[in-house]
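Asks: Counted from 1, the sequence shown has number 140 at position 138 by our numbering; the numbering is strictly sequential. Cβ atoms here follow ideal geometry from the backbone N, Cα and C, with glycine treated the same way. Bear in mind the structure is a predicted one, so any value in this text is a computation, not a measurement.
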Amino acid sequence: MNQSINPILSGIANWLLAMLAICLAFEFCYLCSWGLGASIIIIPVFAYTLYYTRRLTTAMGEFVATHLAQQFLSGDILCPNDTPINNTPKPPANNDIAMKRLDLFHSQFEKSQEELAKEVIQQKELKLQKILQYTTDTFCRIGLTEHETFQIRECVEYLVKNEKVLSLPDLKIERRPEITQISLKNFAWNIAYQYKLPGQLAAQFVMTTFHEWFADSTLYTVVKNLKTTSGNHAIPIDTHILKKY
3 MNQSINPILS GIANWLLAML AICLAFEFCY LCSWGLGASI IIIPVFAYTL
53 YYTRRLTTAM GEFVATHLAQ QFLSGDILCP NDTPINNTPK PPANNDIAMK
103 RLDLFHSQFE KSQEELAKEV IQQKELKLQK ILQYTTDTFC RIGLTEHETF
153 QIRECVEYLV KNEKVLSLPD LKIERRPEIT QISLKNFAWN IAYQYKLPGQ
203 LAAQFVMTTF HEWFADSTLY TVVKNLKTTS GNHAIPIDTH ILKKY
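1. Take every Cβ of the stretch 179-186, pair it with every Cβ of the stretch 222-241, and state whether three or more of those distances are shorter than 8 Å.
2. Can you tell me whether asparagine 4 is buried or exposed? The criterion is at least 16 other CB atoms within 10 Å of its CB, across all chains shown.
3. Just how far apart, CA to CA, sit valine 167 and histidine 108?
4. Three-state secondary structure (DSSP) at alanine 71?
5. Measure the C-alpha to C-alpha separation of tyrosine 222 and lysine 120 and round it to an integer number of angstroms.
6. Would you call the stretch 169-182 and the stretch 199-215 in contact, with 3 or more CB pairs under 8 Å?
7. Tell me the DSSP secondary structure of phenylalanine 216 in three-state form.
8. I need the straight-line Cα distance from leucine 70 to alanine 61, nearest angstrom please.
9. Just the Cα atoms here: how many angstroms apart are glutamate 127 and leucine 106?
10. For tyrosine 195 and threonine 241, which I take to be in contact (beta-carbon distance under 8 Å), what is that distance rounded to the nearest angstrom?
11. I need the straight-line Cα distance from valine 224 to phenylalanine 111, nearest angstrom please.
12. So alanine 190 and valine 208 are in contact, right, with Cβ under 8 Å, and what is the actual spacing, rounded?
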């Protein structure tokens, strides 16, 4: 079908070129004031010129079309939708790197804080156990009963944890003549020294815990004479309790 159409189209194109050549020849002769005989001579010139111009244009079009087709098939020419995707990972921006470093530091910092908090708790607990052991050894050595020693331990633990004096309704420690006010005040001072508690709080502690010894004493006099370093006492001043336990 295409083979039968092509000659027809070619014939029509040639006929149109011939008509165009005749028109151009007559127009040219008219402009130049030449006669009819001159136009008959010029018509073939215009016809051949238009014919070969058409052939040249057709050849150039076929060449360009063939070249573009080859480029397209080889992949050198891409459609808009065929834009190649670059799968190469892009290097992270400076902000991304900074955020990752910040996140890493934040997690490490939180972990360090947690470990530090655990270590502080362990140290406090270890210190408390040493103080309680010192309390037990001290009062067992000077003859207090197990129940009395336990009550004193409870009062000491409450004091160092809350910085307040524990007042137990049933607290009763029997007074013994061999245990003096000075020894008990020295004990209270030793505990307060390890926890940097004020002297007034230490005085309140010893007066409340060992009430039978200080029933006739005032807070002022106990605070004033809380620490006694001279003389030989059942409970001496000791600033190195933690090193001994």
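Replies: The answer reads as follows:
1. yes
2. Walking along the sequence shown from the start, residue 4 turns up at place 2. In this prediction, asparagine 4 scores a pLDDT of 47, lower than 50, which makes its location untrustworthy; no coordinate-derived value is stated.
3. Taking the sequence shown and counting its residues from 1, one reaches residue 167 at position 165. Taking the sequence shown and counting its residues from 1, one reaches residue 108 at position 106. Approximately 41 Å, taken between the alpha carbons.
4. Taking the first residue of the sequence shown as position 1, residue 71 is located at position 69. If DSSP states are grouped into helix, strand and coil, alanine 71 belongs with the helices.
5. The residue you call residue 222 lines up with position 220 of the sequence shown. The residue you call residue 120 lines up with position 118 of the sequence shown. About 40 Å.
6. yes
7. Numbered from 1 along the sequence shown, position 214 holds the residue referred to as residue 216. Coil, per DSSP.
8. The residue you call residue 70 lines up with position 68 of the sequence shown. The residue you call residue 61 lines up with position 59 of the sequence shown. The alpha-carbon atoms of leucine 70 and alanine 61 are separated by roughly 14 Å.
9. Indexing the sequence shown from 1 puts residue 127 at position 125. Indexing the sequence shown from 1 puts residue 106 at position 104. Approximately 32 Å, taken between the alpha carbons.
10. Stepping through the sequence shown from its first residue, residue 195 is reached at position 193. Stepping through the sequence shown from its first residue, residue 241 is reached at position 239. At roughly 6 Å, the Cβ-Cβ gap stays under 8 Å, so tyrosine 195 and threonine 241 are in contact.
11. Start at 1 with the first residue of the sequence shown, and residue 224 comes out as number 222. Start at 1 with the first residue of the sequence shown, and residue 111 comes out as number 109. Between valine 224 and phenylalanine 111, the C-alpha separation is close to 47 Å.
12. Mapped onto the sequence shown, residue 190 falls at position 188. Mapped onto the sequence shown, residue 208 falls at position 206. Contact holds; Cβ gap of about 4 Å.
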